[in-house]
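Here is the structure we will look at.
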Amino acid sequence: MKQLLFFSNWKLIWKFLFIFIVLIIVPMLAFSLFINSKANHAIQLQAIDNTKSHLEKTGKNLSAVLQDIEDISSYMIYSEDFRSFFNTSNTAQNRITLNNIEDRINGYSVFHLNSKPYMDSITIEGMKENRFHIGPPLVSSDEKVWKSKAIVLKGMVQWSGAYTVTDYWDRKNKVISLFRVINDINNVSSPIGLVTIRLDASKLYDLIETNSRGKKQMFVLDQNNDVVLHYNQKYIGKKYPDKALLVSIKKIDDKVGAINYKKSGEDFTVVTQPLTGTNLSLVALVDKESVAEGLTGLQASIKLMIIVLTLLGILAMIGFYHFNIKRILYLTNQTQRVEKGDFFARVPDMSSDEIGLLGYRFNQMVDRIRFLIDSKYKMEIRNRESELKLLQSQINPHFLYNTLDMIRWTARLEHAMETSKLIEQLSKMFRISLNRGNHWISLKDELTYSQIYLELQKGRLGNHLTFTFYCDHEVLKAKVLKQMIQPLIENSIHHGFENFRISRHIYIRCFREASKVIIDVIDNGKGFPSEDFQAYIRNGYALSNIQDRLYLAFGDDAQISIILKDSPGAWVRVMIPYQENGLDKKV
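When you read off a place in the sequence shown, starting at 1, and then add 1259, the result is the number in the working numbering.
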């Protein structure tokens, strides 16, 4: 009990908690409650008005986008190129004419697709069996119902609900589309074609997404309460799951109305905004307690709170410095003395808290170091000096590849050109492998190193060995581990092609996928006897060595894997993060 009365003997955590709670947390809570009570009334008055204003602005933006798409379809009615396309039969005699028309239509369409990121694709269909699609090729789309409705409207715009389309690469995407029959400009009752303009639902949602603090959700519903736009794509094209909310929305009669709604103990304001010219409505779900815009009447109270909390924070820091930081700084000064070689530094035992125990263990550590210096360390120094002398007696690697250069030129003077070429490749291989002692190398140099290795192997195996390199230009500057690809090639030659009589081929491929660099080494050899690929990676010397180096360099961000091939042979893939500067690690 007496120990509790001496603040200097408290545990460090208790000192910190005492100062922080008494001088910061408690006053902050008191001032926060005061301001909250003053601001609550103003929040309730401004919440609905602020939300309506924001929703109206968002609705105008979205309506402007939809109107822009309708204007594009209107342009097709008057455009000579589009009318010519619709009125030209898709026959062999008209193919050249149609190609020229399609080129001009494609330029116009691609301009809009590129300038409007929310546009997914455009399809135009003529009544004479001619069809032209601009955008990702589609293999599946359920559009028959919407096309039928557009035909009934006889030239008026038909906006669809949300539905799913599947492109050539089996990617599924949620879209909403404009369907419109294009009538002959000279005979408005005579249809000549149909246009479909698809909008990407997720990208279109970005136009209405808000960062306002009080907005919990903002989405778009059609007249059947099907979700058209939503931040969660699993809801798009389906009935909105909250039936109670849909009932509340039906009770809103105003053009831009609002109603209170309670869910899971929280009070919300539901605000709707019809989108002009469509059967769509913009809905916002707002937490009334989170909206705090326009509270100008409390500026003085906020300033006072900031001043008081700042003074209390300074007072808390002074106390924390005096009782803790100052002692830690003293301990730091003693460690600096040890760093400079003074092993007689000491920290006085001032208390029994964590810092005092740290000082006690520091003193023990210094005593132990001094003992080791007097015994084991001096012996280690003598051993290191012996090893250094041994290393100095070894051949300088620069002497080695300089000597190879001299031998290469001698071979050329003797007209042994093939021998000269092989020696030059070996010398270049030595230079790249040394890389000035760096453990990182550009992918370009690593591929050059691997190519030289294969050329030397080809000199031994002749036409029995062929190889192919493919590399995207954008990954040539990527930094990779030195000698990461060559062991995989050596594995293919010595193990994959063992007792292999037909032509041996190795394919090296490098490309970028998002933030990763992918390196594939593929051969047509024997492959792996079974599908227990992880066992080969663990037990194979080259594969396990590369895996260990990748883990040391990148952790879990890199991996080596074996991919099953349909044809004979092995396929090893290395995946590493893309970077143009190597890490400072020895791997």
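We put the CB at the ideal spot given by N, CA and C, even for glycine.
Near residue i, what residues of its chain come up, given a Cβ to Cβ distance below 6 Å and the 5 sequence neighbours on each side ignored?
i       : result
TYR1729 : ARG1768
GLU1749 : none
LEU1629 : Residue 1629 is actually Arg in this sequence, not Leu. So the list reads PHE1602, once near-sequence residues are dropped.
LYS1648 : A caution first: LYS1648 carries a pLDDT of 47, below 50, which makes its placement in the model unreliable, though a value can still be read off. Result list for LYS1648: empty, nothing under 6 Å.
PRO1533 : SER1540
ILE1777 : PHE1770, MET1834
MET1564 : PHE1290
What residues in its chain sit with their C-beta under 7 Å from that of residue i, if we drop five residues either side in the sequence?
i       : result
THR1535 : SER1322
SER1709 : ILE1744, GLN1745, ILE1748, ILE1767
HIS1371 : ILE1331, MET1378
LEU1650 : Low per-residue confidence applies at LEU1650: pLDDT is 43, beneath 50, and the placement is therefore not dependable, though the value from the model is reported in the following sentence. Closer than 7 Å at Cβ, skipping near neighbours: no residue.
ILE1752 : GLN1716
ASN1346 : ILE1451
VAL1597 : ALA1604, VAL1625
VAL1411 : none
Tell me which residues share the same chain as residue i and place their Cβ nearer than 8 Å to its Cβ, disregarding the 5 neighbours each side in the sequence.
i       : result
ILE1518 : SER1507, ILE1508, LYS1510, ILE1511, THR1528, VAL1529
ALA1503 : TYR1520, LYS1522
LEU1590 : VAL1606, ILE1614, LEU1617, GLY1618, PHE1621
ASP1426 : PRO1395, PRO1396, LEU1397, VAL1398, ASN1432
LEU1568 : ILE1283, PRO1286, MET1287, PHE1290
GLN1417 : TRP1405, LYS1408, ALA1409, LEU1437, PHE1438, ARG1439
GLU1402 : SER1419, TYR1422, SER1436, PHE1438, THR1455
Quick one, are the C-beta atoms of residue i and residue j less than 8 Å apart?
i       : j       : result
ASP1209 : GLY1496 : A query on residue 1209 cannot be resolved here, the shown segment of the chain reaching from 1260 to 1846 and no further.
ILE1467 : LEU1541 : yes
PHE1602 : ILE1278 : no
GLY1721 : GLY1784 : no
SER1762 : LYS1738 : no
PHE1344 : ILE1360 : yes
ALA1817 : PRO1788 : no
HIS1392 : SER1400 : no
VAL1831 : ARG1771 : no
VAL1447 : GLY1414 : yes
ILE1765 : PHE1726 : yes
Which term fits residue i, buried or exposed, when burial requires 16 or more other beta carbons within 10 angstroms of its beta carbon?
i       : result
ALA1351 : exposed
MET1477 : buried
TYR1712 : buried
SER1645 : Note on SER1645: pLDDT 44, under 50, position unreliable in the model; no value is reported.
GLN1742 : buried
LEU1460 : A small correction: the amino acid at residue 1460 is Ala; Leu does not occupy that position in the sequence shown. The residue is buried, with at least 16 neighbouring Cβ atoms inside 10 Å.
GLY1452 : buried
TYR1337 : exposed
VAL1833 : buried
SER1318 : As written in the sequence, residue 1318 is Gly, which differs from the Ser given in the question. Looking at its Cβ environment, which holds 16 or more other Cβ atoms inside 10 Å, GLY1318 is buried.
ALA1773 : exposed
MET1624 : exposed
ASP1825 : exposed
Pull up the CB-CB distance for residue i and residue j, whole angstroms please, since I reckon it's below 8 Å.
i       : j       : result
ILE1444 : LEU1458 : Incorrect: roughly 26 Å between the Cβ atoms, too far for contact.
ASN1353 : GLU1388 : Not quite, the Cβ-Cβ distance comes to about 11 Å (not below 8 Å), so this is no contact.
VAL1454 : ILE1383 : 5 Å
LEU1740 : ALA1801 : About 13 Å; that fails the 8 Å criterion.
THR1310 : ALA1543 : 6 Å
GLN1806 : ILE1819 : 5 Å
Original post:
Residue ranges of each beta strand (DSSP E) run of no fewer than 3 residues wholly in the region 1395 to 1445, ordered along the chain?
Top reply: 1397 to 1400, 1422 to 1426, 1431 to 1443
**OP:** Identify every run of the alpha helix (DSSP H) within the region 1692 to 1765, keeping only runs that are complete inside it and at least 4 residues long; order them along the chain.
**Re:** 1702 to 1720, 1745 to 1750
Subject >> Complete alpha helix (DSSP H) runs within the region 1299 to 1356 (minimum length 4 residues, chain order) >> reply: 1339 to 1346
Subject >> Ordered list of alpha helix (DSSP H) runs contained in the region 1477 to 1547, each at least 4 residues >> reply: 1502 to 1509
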